[in-house]
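For the protein sequence lines, the chains are S and E, in the order given.
Be aware that the first sequence starts at 0, since it is given in numbering that gives the first Met the number 0, and climbs by one per residue.
Be aware that the second sequence starts at 0, since it is given in numbering that gives the first Met the number 0, and climbs by one per residue.
Reviewing the structure listed below.
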Amino acid sequence: MTILEFKGVTKRYHVRGAGDMLALDDVSFTLTSGQTMALVGQSGSGKSTIAKILTQLERATSGEVLLDGKPIPHRGPGLRRYRQRVRMVFQDPFASLNPYHTIRHHLARPLALDNVVPKDQIEDEVRALLTRVRLDPDATIDRRPHELSGGQRQRVAIARALASRPELLIADEPVSMLDVSIRLGVLNLLADLQRESNLGVLYITHDLATARHFSDQIMVLHHGVVVERGSADDVILNPQHEYTRALRDASPDPDKHFAGPTGEATTRSDAS
Amino acid sequence: MTFTSVPDASDGALPTEPRRPTMASRVSASFAMFRNGKSIAGLIIVGFFVVLAVFADWIAPYDPLEKDFQALRQGPTAQHWLGTTHMGEDVFSQIVYGTRGVLIVGLVAGVLATLVAVIVGVTAGYVSGWKSESLSALTNVFLVIPGLPLIIIVASQYEDPSIVLISAVIAITGWAWGARVLRAQTMSLRHRDFVQAAKANGERLHRIIAVEMLPNLTAIIASSFVGTVTAAVLGLTTLAFIGVIPITNLNWGTILFWAQQNGAFPDYWWWYIPAGVCIALLGMALSLINFGIDEYVNPRLRSAGERARAMRKKGLSASSGVTAVRTAPADD
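Below, the structure written as structure tokens:
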């Protein structure tokens, strides 16, 4: 069981000419393998800052991030090991894949970097990864990102994140840039993969409906402060904080219109 | 979506199946920036001069310094296609051999300047804070240094400056523009998600720069290279013309230098016009290549006429508005 702890993390950005900006204020949570936690909040609430700190693309101003009780290293082989265990799927599949390289390069690099499989098995592993994300290896492996659709690209990005066999996956708004019709397909894929590999997933989103559909726990972030957390149903059905209520009322609620008994309506349009 | 469990590329059942990139297709993909009318025209002209330089020994009818005292300052004849100099040297042979000096200096200076520009520009773009600022300041200093006077000063320090030295001095004064453009482009690339993703995957810095970023900068590097070659060619001929470079280095500028020294202007036109035309042609060819690369990088630069022609080919009307709608064929 892998446990990632975010302990009292504060992040300040220094904005030139405008003083400091507090992006995260004393945020604490834990992420466990096998569990999915949704991090909900509006733009600028600090969601992506959390993702960046988790992947160590940014450093926390204060507070600490612990993996299995040990603080994560900031550099060197320790950081590489950490990055192999905690992977991220970026928001924009049009930007997160290098336009110059083929899909093979994107998936083979993390395999080679982390010595996941011996060198002569990399090709097979790349194909296996593509199959895992429901892409046809023969039709995609030699393509460049611009030859794929948004949904296919995001599947490649997910495959890349899974390549190093991580224990925790951070998905930073993985479907917000995709066509509405394929969002659910990608989300269901993530959910399947999460179950298959017992992944811990931090699902960052601004969409309460998918958060509920997809996760066990929901944490609501507002202006860098965690204002509410709890099991998904509790947070949605019985929001305590004013902001959560506003967020819930603002998001289109399929239950209201279709009057499904358990919110089933959200799963009907699986497009994959 | 179909699942093929047997990896068999020769299957061919899928019409969309891509061919596995061969070495040739990779090379042709990286030359895509040259695949347009302007670049091809420029490359053909440059290729012509390269052939002249490489096969000068076979092409030139005489040795460039061979003197024919029976024909001094003669106009074009069957024996001397572009006439002779005051010493009876064959101008055509001088032009052919002179191409070598021009191209070698252009190439060496271009390579050196591009190397410096890539190293300084990409580093300045990738690092941040005072390191980036100081590299940028250095670039700016070299931008405002007046190139030609500096070259004259340096070149006149030496009795017999070698070709490499001349190229190096031209390169030192010519790398700054490329570095500036590369820095800006690198700064924009650095924050792209795919670079961040490579970083989060644990890629090392040199691989991020060399494998993830540099390929996306090739067009700009190529254009900066072509730009410095142009500047080097013009710089070299200027220097030779004003006599800073020793006459032993034969190039088009030296021809102009001798022509000017011996009162060729304006009567003996065969002596100076061919060299001038060659300089202009080569400069134009290099600029054409660069225009082609620019259009490849920024398709909006393609002239409206070309776009309209392309649209008409597809059966669209360019004048109908911003968004052209393809009208369905009647039998569809």
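No residue lacks a Cβ here, since even glycine has one placed at the ideal position from N, Cα and C.
Quick caveat: nothing in here was measured; it's all calculated off a predicted structure.
- The bridge partners DSSP lists for Asp191 of chain S come to none.
- At a cut-off of 8 Å, the C-beta of Arg72 of chain E has no neighbouring C-beta in chain S.
- Between Phe93 of chain S and Ala258 of chain E, the alpha-carbon positions lie close to 60 Å from each other.
- Contact between the region 166 to 179 of chain S and the region 191 to 203 of chain S is present, with at least three C-beta pairs closer than 8 Å.
- Here the C-alpha atom of Ile162 of chain E lies approximately 29 Å from the C-alpha atom of Ile292 of chain E.
- What Arg189 of chain E touches in chain S, judged by beta-carbon distance under 8 Å, is nothing: the nearest beta carbon there is about 12 Å away.
- The beta-carbon of Glu132 of chain E is placed no less than 8 Å from the nearest beta-carbon of chain S.
- Shown here, Met87 of chain S sits in a strand according to DSSP, grouped into three states.
- The residue from E:Thr76, E:Phe224 and E:Val101 with its alpha-carbon nearest to that of Asp89 of chain E is E:Thr76.
- In the structure shown, Pro70 of chain S adopts extended strand secondary structure according to DSSP, grouped into three states.
- For the C-beta of Lys198 of chain E, the chain S residues within less than 8 Å are, from N- to C-terminus, Leu56.
- With respect to Gly109 of chain E, Asn248 of chain E sits apart: the two C-beta atoms are not nearer than 8 Å.
- A Cβ of chain S is located within less than 8 Å of the beta carbon of Phe193 of chain E.
- Only those residues of the region 73 to 90 of chain S whose C-beta falls short of 8 Å from the nearest C-beta of chain E are listed: Leu78, Arg79, Arg82, Gln83, Arg86, Met87, Phe89 and Gln90.
- In chain order, Leu111 place their CB closer than 7 Å to the CB of Ala167 of chain E, counting only its own chain and leaving out the 5 sequence neighbours on each side.
- Legend: CB atoms of the region 200 to 222 of chain E lying less than 7 Å from CB atoms of chain S belong to residues Asn200, Gly201, Glu202, Glu211, Pro214 and Asn215.
- Distance from Ser135 of chain E to Arg182 of chain E at the Cβ level is roughly 7 Å; contact confirmed, criterion being Cβ atoms closer than 8 Å.
- Using a 10 angstroms sphere on the CB of Asn215 of chain E, the tally of other CB atoms reaches 16 or more, which defines it as buried.
- Identification of residues in the region 196 to 207 of chain S having a C-beta nearer than 8 Å to some C-beta of chain E yields an empty set.
- Put simply, the backbone Cα of Ile102 of chain S is about 6 Å away from that of Arg142 of chain S.
- Neighbours of Ser95 of chain S in chain E, taken as residues whose beta carbon is under 7 Å from its own, are Asp192, Phe193 and Ala196 in chain order.
- Under DSSP, His13 of chain S takes part in a beta bridge, and its partners are S:Asp19.
- In summary, Val225 of chain S is buried, with 16 or more beta-carbon neighbours lying within 10 Å of its beta-carbon over all protein chains present.
- Within its own chain, no residue has a Cβ closer than 7 Å to the Cβ of Tyr99 of chain S once the five positions on either side in sequence are excluded.
- Residues of the same chain with a CB within less than 6 Å of the CB of Ile169 of chain E, apart from the 5 flanking positions on each side, are Ala108, Ala231 and Gly234 in chain order.
- The Cβ-Cβ distance between Gly149 of chain S and Leu177 of chain S falls below 8 Å.
- The C-alpha of Val185 of chain S lies about 7 Å from the C-alpha of Val174 of chain S.
- Between Ser230 of chain S and Asp215 of chain S, the C-beta gap is smaller than 8 Å, which places the two residues in contact.
- The criterion of a C-beta distance shorter than 8 Å is not satisfied by Lys6 of chain S and Thr48 of chain S.
- Interface annotation, Arg154 of chain S: not in contact with chain E, CB-CB separation never under 8 Å.
- When Cβ pairs closer than 8 Å are counted between the two stretches, the region 55 to 63 of chain E is seen to touch the region 91 to 105 of chain E, the count reaching three or more.
- Residue pairing by DSSP places Gly199 of chain S opposite S:Leu167 in a beta bridge.
- Per DSSP, reduced to three states, the secondary structure at Met176 of chain S is coil, with no helix or strand assignment.
- Close CB contacts of Thr139 of chain S within its chain, under the 8 Å cut and outside five residues either way in sequence, are with Ile102, Leu129, Leu147, Gln151 and Val155 (chain order).
- Sequence-distant Cβ neighbours of Phe30 of chain E in its own chain, meaning closer than 7 Å and more than five residues away, do not exist here.
- When the Cα atoms are used, Trp174 of chain E and Tyr295 of chain E turn out to be separated by approximately 22 Å.
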